[in-house]
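Notes follow the structure.
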Amino acid sequence: MTWGETLAVLAAGLGSGIVVSTVGVASLISFPVLLAIGLPPVVANASNTVGLAPAGLSGSFGYREELREHPRVTLAVLGTCSIGAVAGAALLLTMPPGVFEAVVPWLILLACLAVGGQPLLARWLDRQRDDSPDKVLTPATAAWSTLTGVYAGYFGAGAGVMMIAVMAIGLDLDLRLATALKTLSILVCSVVAGIVFVVAGELDWHVIGLLWSGGVVGGYVGARVGRRLPETLLRVLVVISGVVAFVSLV
């Protein structure tokens with residue numbers, strides 16, 4: 055790996071860490087970079103998943119006050135996302151690599167659409183929510199949370215946006231709390247799926263170390279400072295990068 059590639063991956067880790075705690079589509083920042091430096095898609099995806107774990111950890115720490123507000127929901131997210139992530143990681147490792155290479159451009163495009171439509175979703179959710187203090191995951195919400203975990207374990211880009219929708223619609227949580235739970239779900243899925251990949255998959259530990267180095271800083275920065283960033287510009291850049299990745303992969 056050249057110095058330029060090393061710096062690119064390190065910067066991708068930092069940017070992904072910030073996005074983990076804000077928009078929630080970190081893989082659209084880091085995954086295309088890993089492909090650009092020559093990693094095979096499945097190896098890049100598995101390494102990216104493991105590499106994003108510290109960003110989710112530092113981001114969740116930054117949102118620790120929000121996560122304490124609904125401890126039962128927090129525990130439910132931990133459980134459902136863990137189960138889903140195992141299933142998603144198993145799908146990635148057991149299906150032929152060609153399947154993942156065929157579907158990943160469309161998964162990236164789906165994530166781009168989710169990011170682009172997030173402002174409309176946020177405004178709609180803000181009108182629909184209530185402030186009831188007692189929140190419990192319904193069976194339907196738990197099922198959708200598990201499915202989001204499956205998607206995160208398999209690929210992950212856009213999973214954060216999906217989790218925000220699940221938490222905000224299913225529990226009428228405001229976006230601050232939904233974003234905190236989304237960040238926690240990314241941590242859980244990265245750790246659980248990462249364990250599967252460490253045991254049974256192929257990883258590039260050099261890349262993972264660089265993503266860790268950038269992500270642990272970016273995740274905390276995203277939780278504490280990300281709310282002040284020009285979110286519209288960030289969203290536009292994420293969508294553009296995703297569309298470029300889609301066009302280059304189809």
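Per the working numbering, the very first residue in the sequence shown carries number 55; after that it's consecutive. The C-beta atom is built at its ideal place from N, Cα and C for all residues, glycine as well. Here the structure is a predicted model, which means the values were calculated and not measured.
Inset, instruction - Look at the Cβ atom of residue 218, then the Cβ atom of residue 233, and state whether they are nearer than 8 angstroms. - result: At a Cβ-Cβ threshold of 8 angstroms, residue 218 and residue 233 count as neighbours.
Legend entry - Of the residues 297, 276, 290 and 294, the one placed nearest residue 115, counting alpha carbons only: Selected option, being the one with the closest Cα: 276.
Inset, instruction - Would you tell me roughly how many angstroms separate the C-alpha atoms of residue 98 and residue 85, rounded to the nearest one? - result: Cα-Cα distance, rounded: 7 angstroms.
Legend entry - Whole-angstrom distance between residue 301 and residue 245, CA atom to CA atom: Taking the straight line from one Cα to the other gives about 30 angstroms.
Inset, instruction - Would you mind sorting residue 254 into buried or exposed? The rule is 16 or more other CB atoms within 10 Å of its CB. - result: That one is exposed.
Inset, instruction - With distances taken Cα to Cα, identify the nearest neighbour of residue 150 among 208, 199 and 221. - result: For the residues 208, 199 and 221, the minimum Cα distance to residue 150 belongs to 208.
Inset, instruction - Inspect the CB distances between the region 209–216 and the region 57–69 and report whether three or more fall short of 8 angstroms. - result: Judged by pairs of C-beta atoms under 8 angstroms, the region 209–216 does not touch the region 57–69, as fewer than three such pairs exist.
Inset, instruction - Classify residue 278 as helix, strand or coil using the three-state DSSP reduction. - result: Looking at residue 278 - three-state DSSP - the assignment turns out to be helix.
Legend entry - Residue of 197, 242 and 267 minimising C-alpha distance to residue 132: Checking every option, the nearest Cα to that of residue 132 belongs to 242.
Legend entry - At least 3 beta-carbon pairs within less than 8 angstroms: the region 119–128 vs the region 252–271: At 8 angstroms Cβ cutoff, the stretches do not touch.
Legend entry - Simplified DSSP state of residue 79, which is helix, strand or coil: Assignment of residue 79 by DSSP, reduced to helix, strand and coil, places it in the coil class.
Legend entry - Alpha-carbon to alpha-carbon, residue 111 and residue 200: Their Cα atoms are separated by approximately 20 angstroms.
Legend entry - Buried/exposed call for residue 294, threshold 16 Cβ in 10 Å: Exposed: under 16 other Cβ atoms inside 10 Å.
Inset, instruction - Compute the distance between the beta-carbons of residue 108 and residue 248, then report whether it is under 8 angstroms. - result: The Cβ-Cβ distance between residue 108 and residue 248 does not fall below 8 angstroms.
Inset, instruction - Taking residue 271 as the reference, give the member of 167, 137, 146 and 75 with the closest Cα. - result: Of the residues 167, 137, 146 and 75, the one whose Cα lies closest to the Cα of residue 271 is 75.
Inset, instruction - Kindly list the residues whose CB is nearer than 6 angstroms to the CB of residue 62, restricted to its own chain and excluding five residues on each side of it in sequence; keep chain order. - result: The residues are 87.
Inset, instruction - Look at the alpha carbon of residue 162 and the alpha carbon of residue 81, and state the distance between them as a whole number of angstroms. - result: Spanning the alpha carbons of residue 162 and residue 81 requires a straight line of approximately 9 angstroms.
Legend entry - Inter-residue CB distance, residue 93 and residue 258 (contact presumed, cutoff 8 angstroms): Their Cβ separation, rounded to whole angstroms, is 6 angstroms, which keeps residue 93 and residue 258 in contact under 8 angstroms.
Inset, instruction - Pull up the distance between the alpha-carbon of residue 119 and that of residue 152, whole angstroms please. - result: Residue 119 and residue 152 have their alpha carbons spaced roughly 43 angstroms apart.
Inset, instruction - Please list, in chain order, all residues of the same chain as residue 100 whose beta carbon is under 6 angstroms from its beta carbon, the five residues on each side excluded. - result: Around residue 100: 251, 255 and 257.
Inset, instruction - Give a yes or no on whether the C-beta atoms belonging to residue 193 and residue 154 are separated by under 8 angstroms. - result: Not in contact: residue 193 and residue 154 (Cβ atoms no closer than 8 angstroms).
Inset, instruction - Would you give the residue range spanned by the alpha helix (DSSP H) that residue 148 belongs to? - result: Unbroken alpha helix (DSSP H) run through residue 148: 125–148.
Legend entry - Distance, residue 215 Cα to residue 190 Cα: Roughly 20 angstroms separates the two Cα atoms.
Inset, instruction - Report the option in 236, 206, 130 and 224 whose CA atom is closest to the CA atom of residue 104. - result: Residue 206 is the option with its Cα nearest to residue 104.
Inset, instruction - Assign residue 290 to one of two classes, buried (16 or more other C-beta atoms within 10 Å of its C-beta) or exposed (fewer than that). - result: Under a 10 Å Cβ-count criterion, residue 290 is classified as exposed, with fewer than 16 other Cβ atoms of the shown protein chains found around its own Cβ.
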